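Trainee:
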Amino acid sequence: MKITKRFQFCASHRLYNPRLSSAGNSRLFGKCNRQHGHNFILDVTVEGRVQRTSGMVIDFRQLSAIVKEQVVDYFDHTDFEHDIPEFRTMPQTVENLAVVVWQRLKQKMPARVKLARIRISESDQNWAEYEG
Numbered sequence: 001m002k003i004t005k006r007f008q009f010c011a012s013h014r015l016y017n018p019r020l021s022s023a024g025n026s027r028l029f030g031k032c033n034r035q036h037g038h039n040f041i042l043d044v045t046v047e048g049r050v051q052r053t054s055g056m057v058i059d060f061r062q063l064s065a066i067v068k069e070q071v072v073d074y075f076d077h078t079d080f081e082h083d084i085p086e087f088r089t090m091p092q093t094v095e096n097l098a099v100v101v102w103q104r105l106k107q108k109m110p111a112r113v114k115l116a117r118i119r120i121s122e123s124d125q126n127w128a129e130y131e132g
């Protein structure tokens, strides 16, 4: 059985590769090389067996606590470039964000629950999905 819960956080970033020059970054990323922000929507899907006693794969309160600690509290109202160590050496794309979020969540999931998929939307037109 798979279940999904949705979360939201706000953050700013700019598409930038520290290995490129300013001109190279401008050519590659265009106006997104400038600082801007998003209201990110995160869908977290986990899978596991429905527990006989609770009738749940995982209590949504437990899942919410994990995601709040590992993702929302970590990223909300930050500037990725200055506040998030993982983004000091790689481009701050939604694809890289998905990988970082996956790594943070995977380490905290209970043994009986598997992280199945995450989807991070930076707008209603752009998102990344990651399954590890």
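If you're matching positions, the sequence shown starts at 1 in UniProt numbering and goes up one per residue.
Just so it is clear, CB atoms sit at the ideal spot from N, CA and C, and this is done for glycine as well.
Values in this document were obtained by computation on a predicted structure and should not be read as measured data.
(1) Who does tryptophan 127 pair with in a DSSP beta bridge?
(2) Count the other CB atoms, across all protein chains shown, that sit within 10 Å of the CB of valine 44; report buried if there are 16 or more and exposed otherwise.
(3) In chain order, what residues of the same chain lie with their CB nearer than 7 Å to the CB of asparagine 25, ignoring the 5 residues before and after it?
(4) Need the endpoints of the alpha helix (DSSP H) that valine 101 sits in, please.
(5) Going by beta carbon distance, what residues of the same chain come within less than 7 Å of asparagine 39, once the five residues before and after it are set aside?
(6) What is the DSSP secondary structure of isoleucine 66, reduced to helix, strand or coil?
(7) Anyone know if the C-beta pair for serine 12 and aspartate 79 falls short of 8 Å?
(8) List in chain order: all unbroken alpha helix (DSSP H) runs of 4+ residues lying wholly within the region 31-78.
(9) Starting from the Cα of methionine 58, find the closest Cα among Thr89, Thr4 and Pro85 and give me that residue.
(10) Going by DSSP, what residue range makes up the alpha helix (DSSP H) through alanine 11?
Mentor: On the basis of the data shown:
(1) Against the sequence shown, residue 127 aligns to sequence position 127. For tryptophan 127, which the question treats as bridged, DSSP gives the partners Ser121.
(2) For the purposes of this step, residue 44 is taken as the residue at position 44 of the sequence shown. Taking a 10 Å sphere around the C-beta of valine 44, we find 16 or more other C-beta atoms and assign the residue as buried.
(3) Within the sequence shown, numbered from 1, the residue matching residue 25 stands at position 25. Correct list, in chain order: Tyr16, Asn17 and Asn33.
(4) Looking up residue 101 in the sequence shown gives position 101. According to the DSSP assignment, valine 101 belongs to the alpha helix (DSSP H) that extends over 94-106.
(5) Mapped onto the sequence shown, residue 39 falls at position 39. Once the five neighbours on either side are set aside, the close Cβ partners of asparagine 39 are Gln8 and Cys10.
(6) Within the sequence shown, numbered from 1, the residue matching residue 66 stands at position 66. Note: isoleucine 66 maps to helix in three-state DSSP.
(7) Walking along the sequence shown from the start, residue 12 turns up at place 12. Walking along the sequence shown from the start, residue 79 turns up at place 79. Aspartate 79 is positioned such that its CB atom lies closer than 8 Å to that of serine 12.
(8) Taking only runs of at least 4 residues, the alpha helix (DSSP H) segments lying wholly in the region 31-78 are 60-67.
(9) As a position in the sequence shown, residue 58 is number 58, starting the count at 1. Reading off the sequence, residue 58 comes out as isoleucine, not methionine. Checking every option, the nearest Cα to that of isoleucine 58 belongs to Thr4.
(10) The residue you call residue 11 lines up with position 11 of the sequence shown. Where alanine 11 is concerned, there is no enclosing alpha helix (DSSP H), although the beta strand (DSSP E) it sits in stretches over 2-13.
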